[in-house]
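The sequence shown begins at 3 in the working numbering and counts up by one.
Backbone N, C-alpha and C define an ideal beta-carbon position, used for all residues, glycine too.
Working notes, beginning with the structure itself.
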Amino acid sequence: MTKLSARAETLLALHHQPAPVVLPTVWDAWSARAAVEAGFEALTIGSHPLADSLGSGDGEQMSLDEALAGIARITRAVDAPVSADMESGYDTAPAELVERVLEAGAVGVNIEDTVHSEGRLRGAQEHADYIAGIRRAADEAGVHLVINARTDVFTTDEQIPDRLAEAITRLNLLEKAGADSLYPVGVPDTATLEALLAAVSTPLNVTAHPVKGAIPDGLTLARLSELGVRRVSFGPLLQAALGAHLDEVTAAWR
């Protein structure tokens, strides 16, 4: 576990530097190598682009075995810390999930509160308890697995009277559960982002488009840094941007 432990500590340290850590969201060995060669120090694997690369769909439509095989191919291809999007955990107990993620070579996980197999959002405490279980299992394994705890409060179709208040409640519980970073997906505007940042002390993750800027409001990396954001990832948007560029560069050949 020595190599994994070292990579995990490196990834964790990147969340506590003056500037936000930008983790390009990759999906295969090629994209991972390209991101490292471009100068990025660590990577995250997105479930959506990974599923796309397998001809599958997001939302745990690829199997856990398929996801882990894809993760292992990426971690073998690069000498850099890699975090992996494990969606809601594939209905897998924390100890087993942590064991298998570490076996695949990842040193971080993204865990969301949308339970895809049941079509529902986990309760706030329910999600925090699952995250706490992952933290305990990682501690027992001797690796500080970097947990990026995600909430889909802003994007769910479920009726939530006050989404900001609910998001803050969930993020605070996730902090106490041992999350290393917090990921409220789909923040609607900068004012909401500022309110979330004021309510937590754990590094916050935002999604960005590599060309159009961050969600919300197309914020630049410099502005995100000023606001106090400490982690940026691209979700499926890097893959989408490269796909759009492919259309441009091949236009003369069609």
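For Ala40, the three-state secondary structure derived from DSSP is coil.
Fully contained in the stretch 130-160 are the following beta strand (DSSP E) runs of length 3 or more, in chain order: 148-153. Nearest to Val202 by C-alpha distance, out of Leu229, Ala40, Gly144, Asp141, is Leu229. Here Arg172 is near Ala126, since their CB atoms are less than 7 angstroms apart. In the three-state reduction of the DSSP assignment, Ala108 falls in the coil class. Here Gly180 has Ile133, Ala134, Arg137, Ile149 as same chain residues with Cβ atoms under 7 angstroms from its own Cβ, once five neighbours each way along the sequence are excluded.
Taken through DSSP and simplified to helix, strand or coil, Leu221 comes out as strand. The stretch 188-195 and the stretch 96-106 do not touch, with fewer than three beta-carbon pairs separated by less than 8 angstroms. Residue ranges of uninterrupted alpha helix (DSSP H) with 4 or more members, entirely inside the stretch 191-253 and ordered along the chain, are 192-201, 223-229, 239-251. Arg78 and Ile162 have their alpha carbons spaced roughly 42 angstroms apart. DSSP places Ala95 in the coil class of the three-state scheme, outside both helix and strand.
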